[in-house]
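Asks:
Number of protein chains: 2
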Amino acid sequence: MYNLLLQSIEKKVPITQAAKIEVQNAFTLKKLRKRDYLLRDGDICNEMYFVKNGCMILYTLDDGGNEHVTQFAVEGWWVGDMYSYLSGLPSNMFLEALEPAEVLCIKREDREMLLTTVPILERYFRILLENNFVAIHRRVANLISKGAEDKYLDFVKLYPQFALRVPQKYIASYLGITPETLSRIRVQSAER
Amino acid sequence: MYNLLLQSIEKKVPITQAAKIEVQNAFTLKKLRKRDYLLRDGDICNEMYFVKNGCMILYTLDDGGNEHVTQFAVEGWWVGDMYSYLSGLPSNMFLEALEPAEVLCIKREDREMLLTTVPILERYFRILLENNFVAIHRRVANLISKGAEDKYLDFVKLYPQFALRVPQKYIASYLGITPETLSRIRVQSAER
DNA sequence: CGATTTTTTGAATCATATCAACGTACGTGG
DNA sequence: CCACGTACGTTGATATGATTCAAAAAATCG
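In order, the protein sequence lines correspond to chains A and B. Numbering of the first sequence is given in the working numbering, commencing with residue 1 and proceeding in unit increments. Numbering of the second sequence is given in the working numbering, commencing with residue 1001 and proceeding in unit increments.
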């Protein structure tokens, strides 16, 4: 049940058997059906989630009711509204299962506790966040510098898995373009 | 000389006198004139920089020679090409002083060493990166969901200091719009 | 299989980019 | 400290990529 999480940790830092037990005790498992929510606009995000399997999306809704996907998360990824999680203030996001999913949940206080009892995890999260920082900056660079087609091509190159796995409209949203534009881009790219 | 850096650390984690000395020994100071570069396309980013004073920008150049600003950094901020710093591979970015500046530099190996000798710094960087994560996600959400005017207004609200301090063309670039568009937006906003 | 969601296609519209010209501010050397 | 040159900001006219809205086709789900 904790294999994937412990592997994720061991890939980045050494960890003792005793510490593994501590880790396991800090998490609970949640099973989700497709379209279940872990978080809705107005909720406070009191937990962070490690995805064991399935696929989650994190998105906002604008005034016009349009979804804007800020994050995907599949097996081995962490997800949650970090803003709300850190501040304790209400979120303006939705966290939804696109597929049946299982996630390991850790509450704010339990994570804080765990970080003091197993301090090597500070390093684990630091490394995780550094890698994430690089990935988000690549996304930002694409968003500010590229047109719709180039953004899509870079996305497919970087995440070939997602491109097949999730409905296109969410990819379009993630790239900041409309589903119609993405559809047209795909036929044009295929022609060449 | 190390005041601002030590304050930045002490705001997030407790640190002993001995550890402060270790920190100081790990850094060197660089003084920059306006338009000096700490990094150019093709260079490997072997250091991360903590800005003591002045203002730095991190940007890419596209095929058309247009700058795309991915990051600003003023007093108390960290900056560098994290991708190149972590991977050791060549950067495709430029890191330039917009004003005369002083930065504290720490080499890759020295930071790694420091993180083992002063492990509380793992926590410092983890917290720093978490806060940064929140900020970048806000930027991404703006980039994918808002038009030029709303992006600018959110920027001014979030960083009123920058809005006055740096040339508008860099703000436009940071927002993913042209300087002309930003200029027009500003007169329109002022009219209302 | 039928129902719902997603994708595609077309036509009109809109926001922003582009290009060019002009005015202004800025800082740098004499 | 002034004058010159360069960089920056503004404005206008036009072009363009992307959006919007609507409807049909295709895929997916229960």
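All C-beta atoms, glycine included, are put in the ideal place defined by N, C-alpha and C. Computed from a predicted structure; not experimentally measured.
Around the C-beta of A/Leu-175, are 16 or more other C-beta atoms found within 10 angstroms, so that it is buried, or is it exposed?
Replies: buried
Asks: Does A/Phe-27 get closer than 8 Å to chain B when you measure Cβ to Cβ?
Replies: Interface flag for A/Phe-27 against chain B is unset, since no Cβ pair is found closer than 8 Å.
Asks: Ignoring anything shorter than 3 residues, give me the beta strand (DSSP E) runs that lie fully in the segment 1087 to 1151 of chain B, in order along the chain.
Replies: 1093 to 1097 and 1101 to 1107
Asks: Is the separation between the beta-carbon of B/Val-1079 and that of B/Leu-1058 shorter than 8 Å?
Replies: yes
Asks: Counting only Cβ pairs nearer than 7 Å, list the residues of chain B close to A/Asn-132.
Replies: Phe-1133
Asks: Residues of chain A with CB closer than 8 Å to the CB of B/Ser-1145, please, in chain order.
Replies: Thr-60, Asp-62, Asn-66, His-68 and Gly-176
Asks: Run the CB neighbour count on B/Val-1166, radius 10 Å, all protein chains shown included, and call it buried at 16 or more, exposed below.
Replies: buried
Asks: Sort out for me which residues DSSP pairs A/Lys-12 with in a bridge.
Replies: Bridge partners of A/Lys-12: none, in fact.
Asks: Express the C-alpha separation of B/Asp-1043 and B/Gly-1088 in angstroms, rounding to a whole number.
Replies: 10 Å
Asks: Looking at the structure shown, is A/Tyr-37 part of a helix, part of a strand, or coil, going by DSSP?
Replies: strand
Asks: Which residues, in chain order, does the segment 1064 to 1098 of chain B contribute to contact with chain A at a C-beta distance below 7 Å?
Replies: His-1068, Thr-1070, Met-1082, Tyr-1083 and Leu-1086
Asks: Going by the beta-carbon positions, is the gap between A/Glu-102 and A/Asn-66 smaller than 8 Å?
Replies: no
Asks: Assess, as a yes-or-no matter, whether the segment 1114 to 1121 of chain B is touched by the segment 149 to 169 of chain A under the definition of 3 or more beta carbon pairs within less than 8 Å.
Replies: no
Asks: Give a yes or no on whether 8 Å exceeds the smallest Cβ distance from B/Leu-1129 to chain A.
Replies: yes
Asks: Is any beta-carbon of chain A found at less than 8 Å from that of B/Ala-1141?
Replies: yes
Asks: What is the residue span of the alpha helix (DSSP H) that B/Ile-1171 lies within?
Replies: Taken as a continuous stretch (DSSP letters only), the alpha helix (DSSP H) holding B/Ile-1171 covers 1168 to 1175.
Asks: Taking the alpha-carbon of A/Met-56 as reference, which of A/Tyr-85, A/Ile-136, A/Ala-97 and A/Arg-40 has the nearest alpha-carbon?
Replies: A/Ala-97
Asks: Going along the chain, which residues of its own chain have a beta-carbon closer than 7 Å to the beta-carbon of A/Glu-99, five neighbours each way excluded?
Replies: Lys-34, Gly-54 and Cys-55
Asks: With 16 as the cutoff for other CB atoms within 10 Å, does B/Ile-1021 come out buried or exposed?
Replies: exposed
Asks: Whole angstroms is fine: what's the gap from B/Glu-1180's alpha carbon to A/Asp-150's?
Replies: 23 Å
Asks: Under the assumption that A/Asn-25 contacts A/Thr-60 (Cβ atoms under 8 Å), give the Cβ distance between them as a whole number of angstroms.
Replies: Not really, about 34 Å apart at Cβ, beyond 8 Å.
Asks: Considering only their Cβ atoms, is the gap separating A/Phe-50 from A/Leu-95 smaller than 8 Å?
Replies: no
Asks: What do you get for B/Leu-1032, buried or exposed, if any count of 16 or more other CB atoms within 10 angstroms of its CB means buried?
Replies: With at least 16 other beta carbons inside 10 angstroms of its own, B/Leu-1032 counts as buried.
Asks: Rounding to the nearest angstrom, what Cα-Cα distance links A/Val-134 and B/Gly-1076 in this structure?
Replies: When rounded, the distance between both Cα atoms is 20 Å.
Asks: Is the Cβ of B/Glu-1122 closer than 8 Å to any Cβ of chain A?
Replies: yes
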